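Student: My questions all concern the structure below.
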């Protein structure tokens, strides 16, 4: 199908498609098959992105909905602001596009979830041409509505993106809201060196279990290679989180996934050669709470904990 060029956000509007010579029937057929086009909001389409992550897909939906006339009274917020800021989320709920109106009332209607609440002008920013809550306000909103692991994840990501911790604290204390205790705890524990949601969830479980605080991203020089470990305790124990995102990042151009695993095994053997005990966890370990008992045993065996 001959499609019009999408806008800078990858969105094709119905009006542009009709002006390009397509008909509503063409759009319905193309979007129903999903081969060339997907309908992301009323009157808004986008070229199919079969390999896009959910947050990337929601980003297009949020930008499309934010550009509609009925959205002028709201500011993108919560999960929708997070994807605009490209923050990492532990459990992103992308069923609706979230706005904050700055009024006392909110509602849920079709794709839109409008939140009530005070929204001063200094907590609003323009990103990619749309109004969104600032990095700090976005992190605070999500932290207040989350359990500790998800709250810590978004705070870590915001700090990694350059958010100001003191400003997050100030925004949090400006108004009474549910979840303030969880948000305070997450802001206090946040660390910009956590590289992904899996590492943040690991730390959340470590903190909740009362384990000693590790050093993040400590480097070891071994045989001319610089290795950075996710978590380190006094040069005695290291812990590594193994997730699909991490292995994807480590894969070199044209390299088979099995080669990544082999290189990681060599890396681990070299770290063990320095006298380090190496423990690892996966998403499954975090979901089943299997990480902490095993890690605590390793830390105890190496004298990190009594």
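Numbering (the numbering used here), first residue to last: 1454 to 1759.
Here a beta-carbon is modelled for each residue, glycine too, at the ideal position from N, C-alpha and C.
Owing to the predicted nature of the structure, the values given are computational and were not obtained by experimental measurement.
1) Taking Cβ positions, are residue 1494 and residue 1472 nearer each other than 9 Å?
2) Taking the alpha helix (DSSP H) that residue 1531 falls in, what are its first and last residues?
3) Under the three-state reduction of DSSP, which class applies to residue 1628: helix, strand or coil?
4) One question on the structure: do residue 1457 and residue 1475 come within less than 9 Å of each other, judged by their Cβ atoms?
5) By Cβ distance, which residues of its chain are closer than 8 Å to residue 1661, with the 5 residues on each side in sequence left out?
6) I'd like to confirm the pairing. Which residues does DSSP put opposite residue 1673 in its beta bridges?
7) Just verifying my parser: in three-state terms, what is the DSSP assignment at residue 1694?
8) Go to residue 1590, then tell me how far its beta strand (DSSP E) extends in each direction, as first and last residue.
9) To which residues of the same chain is residue 1496 closer than 7 Å at the C-beta, ignoring the five residues directly before and after it?
10) How about residue 1642 and residue 1656: do their beta carbons lie closer than 9 Å?
11) CA-CA distance, residue 1552 and residue 1589?
12) Hey, how far is the Cα of residue 1696 from the Cα of residue 1477?
13) Could you tell me which residues DSSP puts in a beta bridge with residue 1686?
Tutor: So, from the listed chains and residues:
1) no
2) From DSSP, the alpha helix (DSSP H) with residue 1531 extends over 1531–1538.
3) coil
4) yes
5) 1601
6) DSSP, once it has assigned bridges, lists 1680 as partnering residue 1673.
7) Residue 1694 falls in the strand class under three-state DSSP.
8) That residue, residue 1590, is in no beta strand (DSSP E); its alpha helix (DSSP H) goes 1588–1597.
9) Same-chain partners within the cutoff: 1466, 1467.
10) yes
11) 16 Å
12) Taking the Cα positions, residue 1696 is about 43 Å away from residue 1477.
13) 1690
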